[in-house]
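A.B. asks: First, the structure itself, so that you have it in front of you.
Protein chains: 2
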Amino acid sequence: EDIVVRGAIIKANLATIVLTGVPNHPGVAATIFAEVSKHNILVDDIIQNFYDSGRMANVGFSTDHAQLGEAVEVCSRLSAEGGFGPVEVDDEVCKVSVVGIGMRTHTGVAAKLFNALAKARVNIHSISTSEIVISCIVRRDESHRALRAIHDAFELDEPPENEQ
Amino acid sequence: EDIVVRGAIIKANLATIVLTGVPNHPGVAATIFAEVSKHNILVDDIIQNFYDSGRMANVGFSTDHAQLGEAVEVCSRLSAEGGFGPVEVDDEVCKVSVVGIGMRTHTGVAAKLFNALAKARVNIHSISTSEIVISCIVRRDESHRALRAIHDAFELDEPPENEQ
Ligand SMILES: C[C@@H](O)[C@H](N)C(=O)O
Ligand SMILES: C[C@@H](O)[C@H](N)C(=O)O
Chain A
1 EDIVVRGAII KANLATIVLT GVPNHPGVAA TIFAEVSKHN ILVDDIIQNF YDSGRMANVG
61 FSTDHAQLGE AVEVCSRLSA EGGFGPVEVD DEVCKVSVVG IGMRTHTGVA AKLFNALAKA
121 RVNIHSISTS EIVISCIVRR DESHRALRAI HDAFELDEPP ENEQ
Chain B
1 EDIVVRGAII KANLATIVLT GVPNHPGVAA TIFAEVSKHN ILVDDIIQNF YDSGRMANVG
61 FSTDHAQLGE AVEVCSRLSA EGGFGPVEVD DEVCKVSVVG IGMRTHTGVA AKLFNALAKA
121 RVNIHSISTS EIVISCIVRR DESHRALRAI HDAFELDEPP ENEQ
């Protein structure tokens, strides 16, 4: 019985910033992250989507909650200089992630994760994925409920059969 | 000398869809991906950001280019039923990724990647990251230039010192 989702992890004390209304042409991401890096602001994950027929982008990243103040200053300045839209802030959040293998070919895994969180009335603020991880940013005060829901949905509290 | 970026990979024949103007409350991601999964639409990466003071979200995912037509149909229906905004489409794209270790603590890596792409005049449509991967969605006809720029910037064509 191949187990697809192997575990769940939580990363606490995060905050997310989204630079909205970013002109979608070469050089902008470079400018943003050179500036963020210059201020020694930790970057956990970066999430960017495009919209407005590809003319615009929303560039989001999560950082350490302790650095939110400085990150907002840096991003507000970038937004003013670059003519971006509003800087969105997501204070006091955590990242809950499921870790597994072959999660893409098992197309139901993401849906199952989101359904587990929905049933627990946990709102998903941001989503980021890779080959082996599906990560959701949620409110800090909903994160334990989220982790519980994930453990139940994917039966993560039971030892694998070959360990019994 | 610790080498942070170990390699670059390209995944071709992708297309991206972004559902914009998605109400940011529990249950919506579950509805979207249950429907996508029901139609056997392959999901490569999922990228979601929030905006409008947290009231709205843009939910993006990449799929196989061959499935774009069906994915657009499914998403258009979801958008109509859910009262979402426009469905954005990114046709004929590739995902270029750098693979490495400790890329988060080395805050300059993302900036260096984006700078390399900017210098090559490659536009970055979407960004998604994890602990060990930074992925950028770019136009198919810019993907080889992107990969070349990444190889040059991170000196990936040279064998590691301990292999000489
Ligand atoms: C928005 C930003 O990523 C831009 N498209 C760039 O290439 O830098
Ligand atoms: C937008 C979507 O992710 C929503 N926030 C949900 O939790 O389902």
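If you're matching them up, the sequences are chains A and B in order.
Under our numbering, think of the first position of the first sequence as 1, with each following residue one higher.
Under our numbering, think of the first position of the second sequence as 1, with each following residue one higher.
Think of the CB as a built atom: it goes at the ideal place given N, C-alpha and C, for glycine as much as any other residue.
Treat the numbers as computed from the prediction; the structure is a model and nothing was measured.
1) Exposed or buried, which one is K38 (chain B) when buried takes at least 16 other CB atoms within 10 Å?
2) Please confirm whether V74 (chain B) has its beta-carbon closer than 7 Å to some beta-carbon of chain A.
3) What residues of chain B sit near R121 (chain A), judged by a beta carbon separation below 9 Å?
4) Excluding the 5 residues preceding and the 5 following Q164 (chain A) in the sequence, name in chain order all residues of the same chain whose CB lies nearer than 6 Å to its CB.
5) Comparing the CB of P26 (chain A) with every heavy atom of ligand 1, is any distance shorter than 6 Å?
6) So is I17 (chain A) buried or exposed if we call it buried at 16+ other beta carbons inside 10 Å?
7) Quick one: grab the DSSP three-state call for E1 (chain A).
8) Can you name the residues that DSSP bridges to A15 (chain A)?
9) T129 (chain A) by DSSP, collapsed to three states: which one?
10) At the level of alpha carbons, what is the spacing between D141 (chain B) and H65 (chain B)?
11) Contact defined as beta carbons within less than 8 Å: I believe V93 (chain B) pairs with V59 (chain B). What is the distance between those atoms, to the nearest angstrom?
12) Going by the DSSP bridge assignment, what does E88 (chain B) pair with across the sheet?
13) Over what stretch of residues does the beta strand (DSSP E) that includes I46 (chain B) continue unbroken?
14) So A8 (chain B) packs on V109 (chain B), CB below 8 Å; how close in whole Å?
15) Does the beta-carbon distance from V22 (chain B) to A57 (chain B) come in below 7 Å?
16) Give the interface partners of V18 (chain B) over in chain A, defined as CB-CB distance under 8 Å, in chain order.
17) Just the Cα atoms here: how many angstroms apart are E131 (chain A) and I101 (chain A)?
18) In chain A, what lies closer than 8 Å to N13 (chain B) by C-beta?
19) Check whether the Cβ of A57 (chain A) lies closer than 6 Å to any heavy atom of ligand 1, and answer yes or no.
20) Please report how far the alpha carbon of R118 (chain B) lies from the alpha carbon of L156 (chain B), in whole angstroms.
21) Rounded to whole angstroms, how far is the Cβ of S126 (chain A) from the Cβ of N49 (chain B), which I believe are closer than 8 Å?
22) If we call anything under 7 Å between Cβ atoms a contact, is V4 (chain A) one with H106 (chain A)?
23) Would a check of beta-carbon distances place Q164 (chain B) closer than 7 Å to chain A?
24) Check this for me: beta carbons of E35 (chain A) and L78 (chain A), under 7 Å apart or not?
25) Looking only at its chain, what residues have a beta carbon closer than 6 Å to the beta carbon of E1 (chain B), apart from the 5 residues adjacent to it on each side?
26) Tell me which residues of the stretch 127 to 142 of chain B have at least one Cβ-Cβ distance to chain A shorter than 9 Å, keeping chain order.
27) Using a C-beta cutoff of 7 Å, does E1 (chain A) count as contacting chain B?
28) Check whether the Cβ atoms of A120 (chain B) and A149 (chain B) lie closer than 7 Å to each other.
29) Residues of chain A with CB closer than 7 Å to the CB of A110 (chain B), please, in chain order.
30) What first and last residue would you give for the alpha helix (DSSP H) that runs through T31 (chain B)?
31) So, with DSSP's three-state summary, where would you put I41 (chain A)?
32) Between the alpha carbons of Y51 (chain A) and N123 (chain B), how many angstroms are there, rounded?
33) Closer than 6 Å to a non-hydrogen atom of ligand 1 - does that hold for the CB of I124 (chain B)?
C.D. replies: Short version:
1) exposed
2) no
3) P26 and G27
4) Residue placement at Q164 (chain A) is poorly supported in this model, since its pLDDT is 45, which falls under 50; the coordinates still yield a value, given next. Same-chain partners within the cutoff: there are none.
5) yes
6) buried
7) Summary for E1 (chain A): the model assigns pLDDT 48, below 50, so the residue's position carries little reliability, and this model does not support an answer.
8) A:T63
9) strand
10) 14 Å
11) That pair is no contact at about 17 Å.
12) B:V18
13) I46 to Y51
14) About 12 Å separates the two Cβ atoms, so there is no contact after all.
15) yes
16) N49, F50 and Y51
17) 7 Å
18) Residues of chain A passing the Cβ test: none, with the nearest at roughly 15 Å.
19) yes
20) Looking at the sequence itself, residue 118 (chain B) is Ala, so the reference to Arg does not match. If you take the alpha carbons of A118 (chain B) and L156 (chain B), they lie about 18 Å apart.
21) 6 Å
22) yes
23) In this prediction, Q164 (chain B) has a pLDDT of 45, which is less than 50 and means its spatial position is unreliable; nothing more can be read from the coordinates.
24) yes
25) Here E1 (chain B) scores only 47 on pLDDT, less than 50, and its place in the model is too uncertain to base an answer on.
26) I127, S128, T129, S130, E131, I132, V133, I134, S135, C136 and I137
27) Unreliable placement is indicated for E1 (chain A), whose pLDDT of 48 sits below 50; the coordinate value is still reported in the next sentence. By this cut-off, E1 (chain A) is not an interface position.
28) yes
29) F33, V43 and I46
30) V28 to K38
31) coil
32) 14 Å
33) yes
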